[in-house]
Amino acid sequence: MTIFVTGGAGFIGSNFVLDRLARSSEPVVNLDTLTYAGNPENLAGLRDNPAHIFVKGDIGDTALISRLLAEHQPAAVINFAAESHVDRSIHGPDDFIQTNIVGTFRLLEAVRAYWSDLEGEQKEVFRFLHVSTDEVYGTLGDDDPAFSETNRYAPNSPYSASKAAADHLVRAYHHTYGLPVLTTNCSNNYGPYQFPEKLIPLILHNALAGKPLPIYGDGQQVRDWLYVMDHCRAINRVIEAGTVGETYNIGGWNEKANLDVVHTLCDMLDELRPRDDGKSYREQITFVKDRPGHDRRYAIDATKLERELGWKPEETFETGIRKTVQWYLDNADWVRNVTTGSYRDWIEKQYA
20 MTIFVTGGAG
30 FIGSNFVLDR
40 LARSSEPVVN
50 LDTLTYAGNP
60 ENLAGLRDNP
70 AHIFVKGDIG
80 DTALISRLLA
90 EHQPAAVINF
100 AAESHVDRSI
110 HGPDDFIQTN
120 IVGTFRLLEA
130 VRAYWSDLEG
140 EQKEVFRFLH
150 VSTDEVYGTL
160 GDDDPAFSET
170 NRYAPNSPYS
180 ASKAAADHLV
190 RAYHHTYGLP
200 VLTTNCSNNY
210 GPYQFPEKLI
220 PLILHNALAG
230 KPLPIYGDGQ
240 QVRDWLYVMD
250 HCRAINRVIE
260 AGTVGETYNI
270 GGWNEKANLD
280 VVHTLCDMLD
290 ELRPRDDGKS
300 YREQITFVKD
310 RPGHDRRYAI
320 DATKLERELG
330 WKPEETFETG
340 IRKTVQWYLD
350 NADWVRNVTT
360 GSYRDWIEKQ
370 YA
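Residue numbers for the sequence shown follow the numbering used here, so the first one is 20 and each next one is one higher.
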């Protein structure tokens, strides 16, 4: 079956497309507007693959979406497209409202029109999967149970609020129009091709460049870490067997404080790429003013996904982080190409 992927040149989307086409020759139509975080180099290995159909475009372009759906007749649409960096949403929320809310609405409208015209088995098997985040649930106390699918929404940043709104739209299109939707809410992803504004690639990039390693506040903010390929496998499983209208939380069962993650990265670099002066990369750690409204803890309870669909992560944090560090060490050219002048200006502004 042909699938239609939005945001397929970004971090999670490109990993999904690469994995999908490594395991199947079925066509993937890949739509991405190629903002700073949508990188065609992520997909360089697919340039000669006829099953990969890349289109530069925006999910808010209803005419384009409608044309592509009519032309390729996908059996599923998977929506990865989103503005996703909390810090950027604090400085400039407008893009988040336009992409995550208005863009999702326009995508849903085009998909609804396409699905309404399908008949028979085509209509029966069609699915729309919306990829969301655990941040829609807000923050947890130290002793609170992990987020389940029944937690109330309590977003605390423009980013998480925009994703919460998109989730509600997806739910409404199922209950109002019958659109066969699925929603996944994932924890913090890490792995290859992640733009170096997020914690793990930022720390790796700064460490190797001899720059300070900025840690917000006391560094004790806790996140559940999910290796990106485990996330991709979970999405495939939900598309295959998920119950229409349901939400599935995807987590790695790996709660770590940010400072502990940075210590792990420093220790791994000490082993794999020691500093010339023999000192530890931990010496580059510096604490900076915490960001506004910084959620203290996220944690995902992925029991439903394991119980109903048989999925659980294959990677522990220890195995996944080692693969990730090695990938960034082996792909210095990719890092160098994405760290443009505009990226450096952003980092300087954010961590000044």
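The beta-carbon is built from N, C-alpha and C at its ideal position, and this holds for glycine as well.
In the three-state reduction of the DSSP assignment, residue 330 falls in the coil class, being assigned neither a helical nor a strand state.
The alpha-carbon separation between residue 245 and residue 162 amounts to approximately 21 Å. Leaving aside the five residues that flank residue 343 on each side, the residues in its chain whose CB is nearer than 6 Å to its CB run, in chain order, 209 and 210. Under DSSP, the beta-bridge partners assigned to residue 244 are 207. The stretch 247-260 makes contact with the stretch 316-333; the number of CB pairs closer than 8 Å reaches 3 or more. Secondary structure at residue 214: coil, using DSSP grouped into helix, strand and coil. Residue 291 counts as exposed, since fewer than 16 other beta carbons sit within 10 angstroms of its beta carbon. DSSP, read as helix, strand or coil, puts residue 313 in coil. Taking the CA atoms as reference points, residue 175 sits about 21 Å from residue 266. Counted as a single uninterrupted DSSP element, the stretch harbouring residue 100 is not any beta strand (DSSP E), since DSSP gives it neither H nor E. Annotation for residue 221: 215 place their beta carbon closer than 7 Å to its own, counting only its chain and skipping 5 residues before and after.
For residue 149, the enclosing beta strand (DSSP E) covers residues 146-152. The C-alpha of residue 145 is placed about 14 Å away from the C-alpha of residue 255. Only residues of its own chain outside the window of five on either side were considered, and among them 149, 200 and 202 have a CB closer than 6 Å to the CB of residue 189, listed in chain order. By the Cβ criterion, the stretch 51-70 is in contact with the stretch 28-40, since at least three pairs of Cβ atoms, one from each stretch, lie closer than 8 Å. Boundaries of the alpha helix (DSSP H) around residue 196: 177-196. Sorting 101, 167, 307 and 124 by C-alpha distance to the C-alpha of residue 114 places 101 at the top. With contacts defined by Cβ atoms closer than 7 Å, residue 151 and residue 106 do not form a contacting pair. For residue 24, the enclosing beta strand (DSSP E) stretches over residues 22-25. The alpha-carbon of residue 54 is positioned some 31 Å away from that of residue 279. Note on geometry: alpha-carbon atoms of residue 225 and residue 317 lie some 25 Å from one another. In this chain, residue 298 is not harboured by any beta strand (DSSP E), its DSSP state being neither H nor E.
Using a Cβ distance threshold of 7 Å, residue 274 and residue 243 count as a contacting pair. In chain order, 125, 128 and 129 place their CB closer than 7 Å to the CB of residue 81, counting only its own chain and leaving out the 5 sequence neighbours on each side. Rounded to whole angstroms, residue 47 and residue 298 show a C-alpha spacing of 47 Å. Per the DSSP secondary-structure output, residue 73 pairs in a beta bridge with 49. The residue from 223, 87, 282 and 104 with its alpha-carbon nearest to that of residue 57 is 104. Unbroken alpha helix (DSSP H) stretches of 4 residues or longer found wholly inside the stretch 108-148: 123-136 and 139-144, given in chain order. Residues of the same chain with a CB within less than 8 Å of the CB of residue 121, apart from the 5 flanking positions on each side, are 79 in chain order. Non-local C-beta neighbours of residue 180 in its own chain, meaning closer than 7 Å and more than five positions away in sequence, comprise 174, ordered along the chain. Between residue 356 and residue 49, the alpha-carbon positions lie close to 22 Å from each other.
In this structure, residue 328 sits near residue 260, with a CB-CB distance shorter than 7 Å. Apart from the 5 residues on each side of it in sequence, residue 177 sits with its Cβ closer than 7 Å to the Cβ of 108, 109, 112 and 115 in its chain, given in chain order.
Using a Cβ distance threshold of 7 Å, residue 240 and residue 315 count as a contacting pair.
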